[in-house]
Structure formats: C-alpha cells, structure tokens
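Counting in full-length UniProt numbering, the sequence shown runs from 1 upward without gaps.
Even for Gly, the Cβ is constructed at its ideal location relative to N, Cα and C.
Below: one structure, written as structure tokens.
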Amino acid sequence: MTGLEQLAVLGAGFGAGVLSSTVGVASLLSFPVLVALGLPPVVANASNTVGLIPAGLSGSFGYRAELREHPRVTRVVLTCCALGAVVGAVLLLALPAAAFEAAVPWLILLACALVGAQPWLARRLARYRDAEAGPRHHLSPLTTFFAGLTGIYGGYFGVGAGVMMVAVLGLGTDVELRVVNALKTLSLLAGNVVAGLIFVVVADLDWAVVGLLAAGSVGGGYLGARIGRRLPAGVFRGAVVLAGVVVAFVML
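Written as structure tokens, this is what we have:
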C-alpha cells in the first residue's frame with residue numbers, strides 16, 4: 001500500500017470506530033474503502049471484522065459507566081450475544097450466506113421501524129402491564145430470546161445487528177437509550193470477537209490492513225462512546241433509523 005492508501009485505511013478505521021459506538025454500522029464505511037483499495041471482498045470482510053475488534057473494546061470501555069448501571073442486564077446481553085454468535089458462526093460455516101441475504105434488508109428495515117416507533121409502542125404496551133411492576137430493568141424471557149436471536153444473526157451475517165439490538169432492548173426494557181447504546185456496542189463486540197477468532201483460523205487476512213484498522217478504530221470507538229452517551233434520545237433514535245435505512249437500501 002502507498003502512504004495515501006495507508007492513511008485512507010487508518011481514517012476508515014477511525015470513522016468506523018465512531019460509527020460502531022454510536023449508530024452501530026461501522027462496516028458501512030470501512031468495508032467499501034477496503035474493496036476500493038483492491039482487496040478481494042472475502043479478504044476485506046474478514047480483515048475488517050478482525051480490525052474493528054479494538055473499536056468494540058474501546059467503545060465498551062467508554063460506556064463503562066452505562067454498562068455498570070444495570071449489571072444484570074449487561075451480563076445477560078453479553079452472554080446471549082456471545083453464545084448466539086458461536087451458533088451463528090457455525091451456521092455460517094454450514095450454510096451458504098445467500099440463503100439469508102435476501103431477507104436481511106427487510107429485517108433491517110423492520111428493526112428501523114421498531115426503533116422509530118418505540119416511544120409510541122412503549123406507551124401502548126404500558127397500558128397492558130401491571131402498573132405496580134415498576135420499570136423493566138431486566139430482560140424478560142421473551143426479550144432474552146430475541147436478544148439471543150440477534151446474537152445468532154450477528155455471528156452469521158452481522159450487517160445491521162446493532163440496529164436490531166437497539167430495537168430489541170428499546171422495546172423489551174425501560175432502560176435509557178444511552179444505556180441501550182452501550183449494550184448495543186457490547187453486543188457488537190461479542191459478535192466480532194467470535195467471528196474474528198474464526199477468521200484468524202480459517203480465513204485469509206491482510207494483516208497490514210488489520211493493523212491500520214485496529215490503530216484507527218481504538219480512538220474512534222472511544223470517541224464514539226463519548227459522543228453516544230451525550231446524544232439526546234430523539235437524535236440517537238433518528239440516527240439509528242437513518243443508518244439502518246441506508247444499509248438496507250445499499251444491500252437491496
């Protein structure tokens with residue numbers, strides 16, 4: 001790579017790190033840059049996944065205060081996504097990706113609709129809940145199930161998994177959106193770590209690209225967490241919906 005190409009990968013890693021800790025669509029920026037620089041798509045995808053693991057680590061560290069607010073929820077989400085990602089990775093090795101690709105954009109658009117409609121849906125659902133039960137600062141069995149499915153999806157395909165996790169936690173709990181954002185970042189980290197370990201063993205990686213992405217994404221992930229924890233709920237929700245719609249239409 002030339003010096004300019006190295007700077008481009010480093011910048012893409014930084015920008016992807018910011019996106020990972022805010023709206024959760026890091027690969028929307030970094031993957032096209034790698035392909036544009038001439039990497040084969042499979043090598044670009046694997047290198048991108050491994051290179052962005054530091055973004056999840058620094059982003060989760062940046063959200064450490066939010067992740068400590070509801071430790072039980074944090075543990076459940078981390079467990080669901082880590083185990084789900086293992087199942088998803090096994091499915092990825094056993095099934096052709098094309099079997100699922102056609103449905104992915106529509107799943108992402110559905111998640112966007114749920115995120116956008118979350119305040120209205122929450123008010124409607126509150127009418128049917130026991131008023132004495134108090135805020136839902138835990139994951140119900142149904143919410144845990146959908147969190148696990150999102151983890152499986154993250155390990156199998158991954159694109160838009162952050163948007164889906166925001167939809168699941170936004171509807172299934174009453175925790176603040178800044179905490180949901182932190183949990184989303186942690187869930188993406190779990191999926192990337194599992195997929196990254198598999199790619200290190202079975203996939204071709206461009207280690208120069210991995211190193212540059214990692215170097216850029218560390219700072220980007222932490223900065224994104226600093227931004228994400230200060231975003232007003234409405235702005236965050238709108239940004240997630242916009243990012244998800246862009247991803248879905250790019251895939252379509």
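Our two residues, Ala203 and Val43, have alpha carbons roughly 7 Å apart in a direct line.
Cβ contact annotation for Phe31 (same chain, cutoff 7 Å, sequence separation greater than five): Ala44, Asn45 and Asn48, in chain order. Across the set Val246, Leu252, Val247 and Ala239, the C-alpha of Ala239 shows the shortest separation from the C-alpha of Val23. Ser60 is a Cβ neighbour of Leu189, given a cutoff of 7 Å. DSSP places Pro119 in the helix class (H, G or I) of the three-state scheme. When DSSP states are grouped into helix, strand and coil, Arg226 belongs to the helix group. For Met251, the uninterrupted alpha helix (DSSP H) run begins and ends at Ala233 to Met251, by DSSP. Per the C-alpha coordinates, the member of Val210, Leu37, Gly17 and Arg123 positioned closest to Gly170 is Arg123. About 6 Å separates the CB atoms of Ala195 and Ala89; that is less than 8 Å, so the two are in contact. In the same chain as Asn181, and ignoring 5 residues on each side of it, the C-beta atoms closer than 6 Å to its own belong to Gly228, in chain order. In this structure Ala85 is not in contact with Gly221, their Cβ atoms being roughly 18 Å apart against a cut-off of 8 Å.
Sixteen is the threshold: since fewer than 16 other Cβ atoms of the shown chains lie within 10 Å of the Cβ of His137, the residue is exposed. Thr185 and Gly244 have their C-alpha atoms spaced approximately 15 Å apart. A Cβ-Cβ contact shorter than 7 Å links Leu212 with Val9. Distance from the CA of Gly224 to the CA of Leu231, rounded to the nearest whole angstrom, comes to 10 Å. In terms of Cβ geometry, Ala12 and Leu39 do not form a close pair [threshold 7 Å]. Pairing Ile152 with Val77 gives a Cβ-Cβ distance that is not under 7 Å. Taking the CA atoms as reference points, Val35 sits about 30 Å from Arg237.
Where Glu176 is concerned, there is no enclosing alpha helix (DSSP H), because DSSP gives it neither an H nor an E. Of Val159, Val209, Cys112 and Gly216, the smallest CA-CA separation from Val168 is found for Cys112. Setting aside the 5 residues that flank it on each side, Gln118 is surrounded in the same chain by Ala167, Gly170, Leu171 and Arg237, each with a C-beta closer than 8 Å to its C-beta; the list follows chain order.
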